[in-house]
Amino acid sequence: MSRYRLTPTPAQEQALAEHCGHARFVWNLACEQHAHWRPGRKSAPRFAEQCRQLTEARAESEWLRAGSIIVQQQALKVGDVRRLSGNVGAVKVPKVGWVRFRWSRTVPDGVKSYRITRDRAGRWHVAFAAIPEPIPVPGTGEVVGVDRGVAVSAALSTGEMLNAPGLRNPEKARLRRLLRKLARAKRGSNRRGKVKQAIAKLKARESDRRKDWVEKTSTGLARRFDVIAVEDLKIRDMTTSAKGTIGAPGRNVRQKAGLNRSIMAAAWGRLVQRLEHKGPGRVAKVNPAFTSQRCSVCGIVDAKSRESQADFRCRSCGYACNADVNAARNIKLAAGHAVSVREGPRVAGPVHREPQRDLLLVG
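Position 242 (the sequence shown) corresponds to 242 in UniProt numbering; numbering is contiguous.
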């Protein structure tokens with residue numbers, strides 16, 4: 001989806017918040033219905049049956065009845081769009097009217113649906129549903145290996161080292177002060193609410209920068225290389241909590257939590273996801289075993305060759321290189337030319353529907 005920043009008036013913002021409450025309530029009920037299904041039970045109701053149940057629920061609930069049935073139906077399953085000026089557009093929301101948004105880039109043609117969301121910083125966005133056009137294959141035959149790490153977000157086999165931006169030092173200092181204030185603030189107080197809002201704005205700023213970096217990096221790689229090779233990492237397993245249980249508590253919990261945050265901050269998963277969107281069939285995933293310990297010149301595997309986080313020196317042939325770049329070259333070698341640039345995109349598996357917080361679907 002192509003996302004744009006909404007600029008609703010205070011009255012529109014209140015109406016959107018009410019719409020979100022209705023849509024969230026209906027969506028979560030639908031999720032419960034599907035989660036209740038077990039083998040041998042009657043299947044969960046489909047869209048038509050859920051719409052009938054929604055009509056009954058609206059008849060019984062004044063709160064639901066006050067909202068838009070269009071919004072509520074779309075939460076189970078957008079609307080007019082127009083341009084007002086060079087950088088301002090408007091989208092029509094049922095029972096709200098025309099809500100302005102920043103026309104920061106071209107809106108996809110023929111858009112038929114959109115999603116309105118509010119993030120933790122209180123900002124509203126509209127995202128238009130459209131299938132993006134893949135980036136054309138450059139046709140140079142070039143293959144690049146990408147090693148994703150914590151110290152270096154993405155090291156390329158070409159020798160380039162890219163880092164996802166985060167908060168600047170003054171912003172980090174302010175975040176630490178706010179976290180200390182939050183720890184001292186009384187729960188439920190207005191002061192605590194204001195501190196949490198300020199923290200959310202800093203976190204949102206960091207997230208925006210990370211997403212922007214991912215978009216620019218993935219576009220650049222898709223334009224430059226025919227095949228992009230990455231390690232087939234199980235990121236969800238790698239970032240599970242180390243807390244354990246009361247009977248069997250985990251070890252090094254704080255260190256593991258810090259590593260998990262660093263992995264998420266490096267945007268490992270999102271980078272590969274966007275590469276697959278922009279270059280379908282051109283992302284090769286290789287076995288990550290020994291990529292950081294193998295010499296990319298002679299092929300000898302020796303754990304002691306990695307002298308530090310940043311340095312690799314082969315004890316067999318003497319080859320010296322940045323450790324992350326050496327790993328990226330091993331990834332490239334592992335991928336080889338087995339993946340054809342003419343190969344089609346993979347078929348996506350079933351989508352798990354998660355409960356939503358501030359989500360509004362219009363259609």
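From the three backbone atoms N, C-alpha and C, an ideal C-beta is built for every residue, glycine too.
Residue i, buried or exposed, once every other Cβ within 10 Å from all chains shown has been counted against 16
i           : result
residue 299 : exposed
residue 216 : exposed
residue 212 : exposed
residue 85  : exposed
residue 229 : buried
residue 80  : exposed
residue 147 : buried
residue 88  : exposed
residue 190 : exposed
residue 9   : exposed
residue 323 : buried
residue 78  : For residue 78, the predicted model reports a pLDDT of 42, less than 50, meaning its position is unreliable; a value from the coordinates is still stated below. Under this definition residue 78 is a buried residue.
residue 332 : buried
residue 206 : buried
Cα-Cα separation, residue i to residue j
i           : j           : result
residue 90  : residue 127 : 12 Å
residue 92  : residue 254 : 47 Å
residue 259 : residue 157 : 24 Å
residue 202 : residue 284 : 35 Å
residue 318 : residue 225 : 30 Å
residue 62  : residue 32  : 22 Å
residue 100 : residue 6   : 6 Å
residue 181 : residue 170 : 17 Å
residue 3   : residue 232 : 29 Å
residue 208 : residue 165 : 10 Å
residue 274 : residue 214 : 8 Å
residue 341 : residue 108 : At residue 341 the pLDDT is 36, less than 50, meaning the model places this residue with poor confidence; the figure from the coordinates comes in the next sentence. Each residue's Cα considered, the two are about 26 Å apart.
residue 308 : residue 195 : 40 Å
residue 22  : residue 198 : 27 Å
residue 116 : residue 103 : 15 Å
residue 48  : residue 276 : 34 Å
residue 139 : residue 114 : 35 Å
Sub-9 Å separation of residue i and residue j beta-carbons
i           : j           : result
residue 154 : residue 163 : yes
residue 328 : residue 145 : yes
residue 175 : residue 167 : yes
residue 316 : residue 302 : yes
residue 135 : residue 267 : no
residue 66  : residue 13  : no
residue 219 : residue 278 : yes
residue 235 : residue 281 : no
residue 257 : residue 210 : no
residue 152 : residue 262 : no
residue 143 : residue 272 : no
Helix, strand or coil at residue i [DSSP, three-state]
i           : result
residue 20  : helix
residue 341 : Only weak support is given to the placement of residue 341: the predicted model assigns it a pLDDT of 36, under 50, and the value that follows is read from those uncertain coordinates. Of the three classes helix, strand and coil, the one that applies to residue 341 here is coil, per DSSP.
residue 152 : coil
residue 284 : strand
residue 185 : coil
residue 240 : coil
residue 307 : coil
residue 229 : strand
residue 162 : strand
residue 126 : strand
residue 98  : strand
residue 70  : helix
residue 223 : helix
residue 301 : strand
residue 366 : The question about residue 366 has no answer, for the chain in this structure spans 1 to 363.
Residues near residue i in its chain [Cβ-Cβ closer than 6 Å; skip 5 each side]
i           : result
residue 325 : 155, 159
residue 334 : 286
residue 330 : 291, 294, 296
residue 70  : 94
Cβ neighbours of residue i in the same chain (closer than 7 Å, five flanking residues each side left out)
i           : result
residue 200 : 120, 121
residue 106 : none
residue 305 : 293, 295, 312, 313, 314, 315
residue 68  : 19, 94, 95
residue 400 : With the chain covering 1 to 363 only, the question about residue 400 has no answer from this structure.
residue 186 : 192
Chain-order list of residues whose beta-carbon lies under 8 Å from that of residue i (same chain, five-residue window excluded)
i           : result
residue 204 : 119, 120, 121, 123
residue 25  : 64
residue 97  : 12
residue 45  : 33, 53
residue 320 : 311, 312, 313, 314
residue 193 : none
residue 184 : none
CB contact below 9 Å: residue i versus chain D
i          : result
residue 20 : Chain labels in this structure do not include chain D; a single protein chain is all it has.
Residue i Cβ short of 8 Å to the ligand FMN heavy atom set
i          : result
residue 85 : Ligands displayed in this structure: none; no statement on the ligand FMN is therefore possible.
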